[in-house]
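Here is the structure we will look at, set down as structure tokens.
Chains as they are written, first to last, in my numbering: chain A, 64 to 329; chain B, 64 to 329.
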């Protein structure tokens, strides 16, 4: 492996992103020197896992790391970065929505390292194809950051804040909202005393098909067929669930509008 | 392998379900004697694939099959079944929404064989864990049909018409609507000149995580965190896309309502 000039890392934060990135970079050969978290016991737990020290305070952070990764909630980035000592290492955050400027007006070297993926401490996933959206204060720093991120992923995208937020918005639809549709479907079946597990092969295949053929070519169902009788029947069945009923009506209409328009363009 | 008492099959219909089931049962050792389709060239193509004869007319269908599978659109089941000759073999349809009675008032032996899966002629999938929802006119016929479906799947569920429609409604959310959310996300990125392919690892992981931990435990995102600033930013970005904006607002609200309620119940 090659090193990016970075070698010693500090992790700030103890959530899912901190655990996942900390672990990945440790395995890629970097030394995690210090961990800081507002919750001391969580910080100790992560530090132990990473073979790092626990920083007792923000102001007391060791100033000799090459890179500081702020894997904290969007709201906390401003506050935490202003509480940090002046450091000469690069300081990056992992947020989709926080502008680079929050860091670049405070530190000599700064950047953004945003993984376009849903990460969980307890779910180990392969990061090698996860897109990392990178931004840095200048070209040289971007090269350093790319080299660093390239040690865990081969999907590196240079994206400014505006572009990063667009990817995040799309991700909300493709991840957060998709997940809630799974919840709507499985909750409905459970409330009816039926087996939500029966949906599993369908969930798997729906996503596999969309990945293979593209979702536009994979659309099926009553809305696409214009099967008004089934749509009406389903809406009747949802009469006691007004939110779900409204959602059913709206997405059905969107499917019809989208595919009519798409077909007209062919 | 064991036979279900059925041995010779007739397939009526030439769409995705006809191709998938015809092929699966042929591979399971059944003999497909005849194929009928309103489109003669499509019927010939499927018949050739299955090593079957083409029936020239509905009324001219051979009466010596053990099982007739009506894999046609919901609207066509009534019409086609009334045009068939009187047969002593079992006649089943593959529709979620059409009641068994449409067949049982016409034939001595009848049933429903509904696969809870999105099927495509050009996408070969493993049917062995696909739930087949079965219904038949009486207990003996249900046993025969179960034995038959058991030759291609190990997930057999006895479900009457009312229950079958409920599973179908849930499937519309977990498959058709999920697929459209993928379309919303990828179309948005393409319209912005960005790379929709970057969403692929996220789509894969979102579904894998929901399958492993359950979707209720997998929910993440601005709506769940109550991150109003990001929600507002995203809604602003969707100002020129009123359908998507409305959908974003509505699912975000549903996520918040669902998880507040769920947490209160804990």
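Note that beta-carbon positions come from the ideal geometry of N, C-alpha and C, so glycine has one too.
Cβ-based neighbour list, residue i, same chain, cut-off 6 angstroms, excluding 5 preceding and 5 following
{"i": "residue 259 of chain A", "result": "249, 252 and 253"}
{"i": "residue 150 of chain B", "result": "126"}
Residue environment, residue i, which counts as buried when at least 16 other CB atoms sit within 10 Å
{"i": "residue 126 of chain B", "result": "exposed"}
{"i": "residue 292 of chain A", "result": "exposed"}
{"i": "residue 221 of chain B", "result": "exposed"}
{"i": "residue 239 of chain A", "result": "buried"}
{"i": "residue 280 of chain A", "result": "exposed"}
{"i": "residue 74 of chain A", "result": "buried"}
{"i": "residue 327 of chain A", "result": "exposed"}
{"i": "residue 176 of chain B", "result": "buried"}
{"i": "residue 90 of chain A", "result": "exposed"}
{"i": "residue 275 of chain B", "result": "exposed"}
{"i": "residue 124 of chain A", "result": "buried"}
{"i": "residue 111 of chain A", "result": "exposed"}
{"i": "residue 129 of chain B", "result": "buried"}
{"i": "residue 132 of chain B", "result": "buried"}
{"i": "residue 325 of chain B", "result": "exposed"}
Inter-residue spacing [alpha-carbon to alpha-carbon] between residue i and residue j
{"i": "residue 224 of chain A", "j": "residue 162 of chain A", "result": "6 angstroms"}
{"i": "residue 64 of chain B", "j": "residue 93 of chain B", "result": "Note that residue 64 of chain B has pLDDT 44, beneath the 50 cutoff, so the model's placement of it is unreliable and the number below is only indicative. Their Cα atoms are separated by approximately 10 angstroms."}
{"i": "residue 285 of chain A", "j": "residue 231 of chain B", "result": "10 angstroms"}
{"i": "residue 95 of chain A", "j": "residue 72 of chain A", "result": "5 angstroms"}
{"i": "residue 202 of chain A", "j": "residue 210 of chain A", "result": "12 angstroms"}
{"i": "residue 164 of chain B", "j": "residue 303 of chain A", "result": "27 angstroms"}
{"i": "residue 306 of chain B", "j": "residue 85 of chain B", "result": "40 angstroms"}
{"i": "residue 109 of chain B", "j": "residue 207 of chain B", "result": "26 angstroms"}
{"i": "residue 114 of chain A", "j": "residue 103 of chain A", "result": "16 angstroms"}
{"i": "residue 308 of chain B", "j": "residue 153 of chain B", "result": "50 angstroms"}
{"i": "residue 257 of chain B", "j": "residue 243 of chain B", "result": "19 angstroms"}
{"i": "residue 193 of chain B", "j": "residue 182 of chain B", "result": "11 angstroms"}
{"i": "residue 159 of chain B", "j": "residue 290 of chain A", "result": "13 angstroms"}
{"i": "residue 215 of chain B", "j": "residue 87 of chain B", "result": "7 angstroms"}
7 angstroms CB neighbourhood of residue i in its chain, flanking five on each side removed
{"i": "residue 287 of chain B", "result": "318 and 322"}
{"i": "residue 121 of chain A", "result": "99, 143, 146 and 147"}
{"i": "residue 219 of chain A", "result": "195, 197, 209, 212 and 213"}
{"i": "residue 82 of chain B", "result": "109 and 184"}
{"i": "residue 261 of chain B", "result": "none"}
{"i": "residue 135 of chain A", "result": "75, 76 and 143"}
Close Cβ partners of residue i (< 8 angstroms) along its chain, the five nearest in sequence each way excluded
{"i": "residue 263 of chain B", "result": "none"}
{"i": "residue 297 of chain A", "result": "285 and 311"}
Interface flag, residue i vs chain A, CB-CB below 9 angstroms
{"i": "residue 90 of chain B", "result": "no"}
{"i": "residue 136 of chain B", "result": "yes"}
{"i": "residue 47 of chain B", "result": "Because chain B here runs from 64 to 329, residue 47 of chain B falls outside it and cannot be looked at."}
{"i": "residue 224 of chain B", "result": "no"}
{"i": "residue 234 of chain B", "result": "yes"}
{"i": "residue 240 of chain B", "result": "yes"}
{"i": "residue 237 of chain B", "result": "yes"}
Proximity test, Cβ basis, 9 angstroms: residue i and chain B
{"i": "residue 200 of chain A", "result": "no"}
{"i": "residue 141 of chain A", "result": "no"}
{"i": "residue 277 of chain A", "result": "yes"}
{"i": "residue 176 of chain A", "result": "no"}
{"i": "residue 309 of chain A", "result": "yes"}
{"i": "residue 274 of chain A", "result": "yes"}
{"i": "residue 267 of chain A", "result": "yes"}
{"i": "residue 72 of chain A", "result": "no"}
{"i": "residue 184 of chain A", "result": "no"}
{"i": "residue 150 of chain A", "result": "no"}
Cβ-heavy atom distance, residue i to the ligand GTP, below 8 angstroms
{"i": "residue 270 of chain B", "result": "This structure lacks the ligand GTP, and indeed carries no ligand of any kind."}
Review point. According to a CB-to-CB cut-off of less than 8 angstroms, which residues of the region 279 to 305 of chain B neighbour chain A?
Key: Going along the region 279 to 305 of chain B in chain order, one finds 279, 281, 282, 283, 284, 285, 286, 287, 288, 290, 292, 293, 296, 297, 300 and 301 with a Cβ nearer than 8 angstroms to chain A.
Review point. Which residues, taken in chain order from the region 156 to 168 of chain A, show a beta carbon closer than 7 angstroms to some beta carbon of chain B?
Key: Within the region 156 to 168 of chain A, the qualifying residues are 160.
Exercise for review: Scan the region 201 to 221 of chain A for residues whose Cβ lies nearer than 9 angstroms to a Cβ of chain B and list them as they occur along the chain.
Suggested key: Shown in chain order are the members of the region 201 to 221 of chain A whose Cβ falls below 9 angstroms from a Cβ of chain B: 218 and 220.
**Study point:** Near-chain A residues of the region 245 to 265 of chain B - C-beta to any C-beta below 7 angstroms
**Key:** The residues in question are 245, 246, 247, 248, 249, 251, 252, 255, 257, 261, 262, 263, 264 and 265.
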